[in-house]
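Taking the working numbering, the leading residue of the sequence shown gets 5, the next gets one more, and so forth. Each residue gets a CB set at the ideal place from its N, CA and C atoms; glycine is no exception. I have placed the structure first, in the form of structure tokens, so that the comments after it can refer back to it.
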Amino acid sequence: MINEEAVYYSRILTELTLSFHIIYATIGVGIPLFIMIAQWLGIRKQDEHYILLARRWTRGFAITVAVGVVTGTAIGLLLSLLWPKFMEVAGHIIALPLFMETFAFFFEAIFLGIYLYTWDRFANQFKHLLLLVPVAIGSSFSAVFITTVNAFMNSPQGFDLLNGELINANPLLAMFNPSMPTKVSHVVSTAFMTSAFVLASIAAYRLVRGSKHVYHKKALHLTLTIGLIFSVASLIIGDLSGKYLAQYQPEKLAAAEWHFETQKQAPLLLLGYLTDDGDIRFGIKIPYALSILAHGSPTSEVIGLDQFPEEDIPPLYIHYLFNIMVGIGTLLIIVPLLYWIGVKRKWTWIKSKAFLWLLVLGGPLSMIAIEAGWWLNEVGRQPWVLYGIMRTAEGATTSNQVELMLWLFSGLYIMLGIGSVIVLTRMFNKNPIERELKERYT
């Protein structure tokens with residue numbers, strides 16, 4: 005028996021939870037790498053500014069980790085409450101990566117606690133730096149393990165299907181499914197990319213507000229340099245993701261591209277909107293590009309939506325999500341590249357307020373791209389919760405209390421979001437860099 009209202013509210017609450025959690029999870033995965041690099045540079049160059057970067061970033065990171073724990077716990081709770089039939093079928097398979105994700109988090113948290121409370125207690129600062137290695141490994145592998153669960157939902161394997169029941173489960177084979185390599189690498193690389201632009205956005209904002217301190221200039225240069233590297237990496241992995249979709253989930257690729265008819269030499273559609281009559285207005289078609297994205301050849305055939313029954317076609321609005329993700333991703337390659345070239349060629353306009361404001365926008369835009377990418381991934385899998393095996397409506401609860409849960413969890417996320425912003429703002433506003441440097445030298 006399917007309760008359509010419960011299915012609707014379950015989807016809304018799950019999407020809300022994931023959308024809120026991904027903000028803190030992304031920063032939680034990416035920031036440890038930057039802390040480690042900053043402290044390593046500070047030790048190698050004997051530069052107090054980089055050491056202080058590591059210190060201050062760690063304080064902010066600890067706050068985001070605390071909020072991420074709450075939202076991550078909420079996701080585990082909602083899996084059981086909102087999707088009991090899915091968990092009944094697949095729970096014994098995804099239990100291993102879920103456990104490994106929890107283990108990776110505790111591994112990270114233990115060493116983070118030691119790292120936080122041992123500042124200036126090592127005569128050899130490289131020993132203190134080594135404590136960050138398990139923190140960075142734990143945060144990254146936490147993302148790896150949880151993403152394998154999502155990958156399994158998109159390309160399930162590692163079991164036999166008998167009368168709608170998954171038997172003879174092999175959790176390791178289920179984890180290393182066809183979509184795992186591209187999904188895991190894309191999640192990790194975009195987490196590093198987004199963290200870079202969030203940190204760069206903060207540094208650029210301080211410079212826009214009139215600070216001339218070299219601390220912020222070093223922070224901006226370091227984060228934009230690393231951000232450029234991971235932006236390019238995300239682009240390359242995104243291309244591989246397109247090829248995965250063409251082979252394993254062609255209807256998702258076709259829906260994202262509004263590719264209605266199977267054809268060779270398929271063009272890539274950018275922008276545009278779809279009318280009620282099914283016409284595409286103001287779209288920009290790049291000849292052969294979709295064939296190249298899907299199969300690496302300009303003459304290859306790309307399967308269109310005409311090959312699928314209507315009930316199996318994902319919502320077509322994912323085209324807009326695809327455009328947002330790709331558009332922002334492209335911008336986040338161009339902007340740091342201009343900055344890097346400008347530094348080498350000593351262009352003065354990269355220090356202008358207009359360009360700095362563009363860098364300030366890089367942080368929020370990168371987070372919007374992350375959100376759009378996750379919505380594209382999850383909505384694009386519809387109507388399946390377990391691709392090809394269980395439809396979303398079949399895996400949801402039939403309870404009539406989901407709407408109440410939606411309101412309660414919404415209130416929780418509002419409090420956590422506002423609270424974390426207030427704490428982080430007061431933490432750094434009441435302890436400016438100039439004061440902290442003065443206190444360390446007196």
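Query                                                                                                                             : Result
Alpha carbon of L57 to alpha carbon of Y219, nearest angstrom                                                                     : 8 angstroms
Assigned secondary structure, F286 (DSSP; H/G/I helix, E/B strand, else coil)                                                     : strand
Exposure of G415, with buried meaning 16 or more beta-carbon neighbours within 10 Å                                               : exposed
Cβ contact check for the region 271 to 280 and the region 290 to 302: 3 or more pairs under 8 angstroms                           : yes
Residues near L380 in its chain [Cβ-Cβ closer than 7 angstroms; skip 5 each side]                                                 : A260, I322, L325, F326 and M329
Whole-Å CB distance - A178 paired with I97, under 8 angstroms assumed                                                             : 5 angstroms
Residues that DSSP places opposite Y121 in a beta bridge                                                                          : Beta-bridge pairing links Y121 to no other residue.
Meets three-Cβ-pair contact criterion under 8 angstroms: the region 233 to 248 and the region 180 to 187                          : yes
Contact set for G162: own chain, Cβ-Cβ below 6 angstroms, skip 5 residues either direction                                        : N174, L177 and A178
Sub-8 angstroms separation of A195 and T30 beta-carbons                                                                           : yes
At least 3 beta-carbon pairs within less than 8 angstroms: the region 230 to 240 vs the region 57 to 75                           : no
Segments assigned alpha helix (DSSP H), at least 4 residues, entirely inside the region 330 to 413                                : 357 to 384 and 396 to 399
Nonlocal neighbours in the same chain, by C-beta distance under 6 angstroms from K222, ignoring five residues either side         : H53
Continuous alpha helix (DSSP H) assignments of at least 4 residues falling wholly in the region 57 to 133                         : 88 to 120
Cβ-based burial, G367 [other Cβ within 10 Å; buried from 16]                                                                      : buried
Complete runs of the alpha helix (DSSP H) confined to the region 190 to 269 [at least 4 residues]                                 : 218 to 252 and 254 to 260
Range of the contiguous alpha helix (DSSP H) that encloses I27                                                                    : E8 to K49
Beta-carbon contacts of T18 that lie in its chain and below 7 angstroms, excluding the five residues immediately before and after : L82 and L86
L136 vs I35 beta-carbon contact at 8 angstroms                                                                                    : no
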